[in-house]
Amino acid sequence: MPDTVSEFKLDYSVVDESGSVAALIVAAGSSSRMKGINKLFAPLLGIPVLARTLLAFEKSGDIDKIIIAAAEKNIADVEKLCVEYNISKLTDIVQGGETRMESVLAAAKAADGSDYFAIHDGARPLISSEVIKRTVSAARIYGAAAPGVPLKDTVKRVNKELFVLDTLKRDELIAVQTPQVIRAEIFLPLINIACSIGSAATDDCSLVEETGREVKIVEGDYKNIKITTPEDIAVAEVMLLKKSD
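Going from the sequence shown to my numbering is simple: count from 1 and add 33.
Structure (structure tokens):
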């Protein structure tokens, strides 16, 4: 396991660039930990979180189309946002489901004909073009890939009473991010089954792992945080300000 993100390696010389890539942006969450604020429309240095996410994929040369899965009550606002920020790669906005898997399936169905799905949390606005490229390239080679970063904290497994059961080996653990990129012919049967049995999975590549297929981890980015609480907005703004210095 790499000790630092610089030790992740990928041989780009063997990448077959053929095959279209659809970004499936999952934006149907409840924002339950945002104290009444819809995190997707929360301003991040003046630009909504979701707009920053979409602009990253709009500008990426590795993405051919964008599909958004949004909560029914937010679809009109998402449409307005896409017009305001000129998201020209947008092909559809679909109604998300009750679970993340249902939302991903709805978006995947709307991306019919795409060879790869790049599934990304709408609340990860600091995703970089470099991470998108690395993950797409790895998926073209291996069939499924996700960005990740080495853990900095020690992780302990606990019981329901919060007593420690054991300490996990940090050098065997990676914090996985999105986009998770998977070949469509691999993913579509799996997501259909997952939804039919009511899977509560929150990680797309875990469906691939369960079949015994390998999932390649590529170098992620510690700045690629998911906005979950109001404090995350403040952290993301600091990161953006440092980037612009």
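For glycine and all other residues, C-beta sits at the position ideal for the given N, C-alpha and C.
With Val126 as the anchor, note down where its beta strand (DSSP E) starts and where it stops.
The identity of residue 126 in the sequence shown is Ile, whereas the question assumes Val. Ile126 -> beta strand (DSSP E) spans Leu123 to Gln128.
With a floor of 4 residues, list each alpha helix (DSSP H) that falls wholly inside the segment 129-171, ordered by position along the chain.
Whole alpha helix (DSSP H) segments, 4+ residues: 133-143.
Distance check for Asp154 and Val38, CA to CA, integer angstroms please.
At Val38, the pLDDT of 46 sits below 50, so the modelled position is not reliable and the matter cannot be decided from this model.
In the DSSP assignment, the beta strand (DSSP E) including Asp199 goes from what residue to what residue?
Residues Val197 to Thr200.
Tell me, please, whether the segment 230-245 touches the segment 155-171 by the rule of three or more beta-carbon pairs shorter than 8 Å.
Touching, no.
For Ile96, tell me which candidate among Ser121, Lys72 and Leu73 has the shortest Cα-Cα distance.
Comparing Cα-Cα distances from Ile96 to each of Ser121, Lys72 and Leu73, the minimum goes to Ser121.
Is Val137 buried or exposed, if buried means 16 or more other CB atoms sit within 10 Å of its CB?
So Val137 ends up on the buried side.
By how many angstroms is the C-alpha of Ala56 removed from the C-alpha of Tyr149?
Answer to the nearest angstrom: the Cα atoms are 9 Å apart.
Would Ala156 pass as a contact of Ile100 if the rule is Cβ separation under 9 Å?
Their beta carbons are not under 9 Å apart, which means Ala156 does not touch Ile100 by this criterion.
What is the DSSP secondary structure of Arg246, counted as helix, strand or coil?
Coil.
Quick one: which unbroken alpha helix (DSSP H) runs of 4-plus residues sit fully inside the segment 208-254? Chain order, please.
Qualifying alpha helix (DSSP H) stretches, in chain order: 217-229 and 238-242.
From this set, Asn257, Ala141, Leu159 and Thr261, which residue's C-alpha is nearest Ala84's C-alpha?
Cα-wise, what sits closest to Ala84 is Leu159.
Please go through the same chain and pick out, in chain order, the residues whose beta-carbon is closer than 6 Å to the beta-carbon of Gly176, but skip the five residues on each side of it.
If we look at Gly176 and ignore the five residues flanking it on each side, its Cβ neighbours are Arg216 and Ile219.
What's the gap between the Cα of Lys72 and the Cα of Ala208?
Those two C-alpha atoms are separated by around 22 Å.
Please classify Ser53: does DSSP put it in a helix, a strand, or coil?
Reduced to three states, the DSSP call for Ser53 is coil.
Using only CA atoms, which one of Leu273, Leu198, Gly79 and Ala140 lies nearest to Lys256?
The option with the nearest alpha carbon to Lys256 is Leu273.
Which residues share a DSSP beta bridge with Val116?
For Val116, which the question treats as bridged, DSSP gives no partner whatsoever.
From the DSSP output, in three-state form, read off Leu77 for me.
Here Leu77 sits in strand by DSSP.
Hey, quick one: how far does the alpha helix (DSSP H) through Ala269 stretch, first residue to last?
Pro263 to Ser277 is the span of the alpha helix (DSSP H), which, as asked, contains Ala269.
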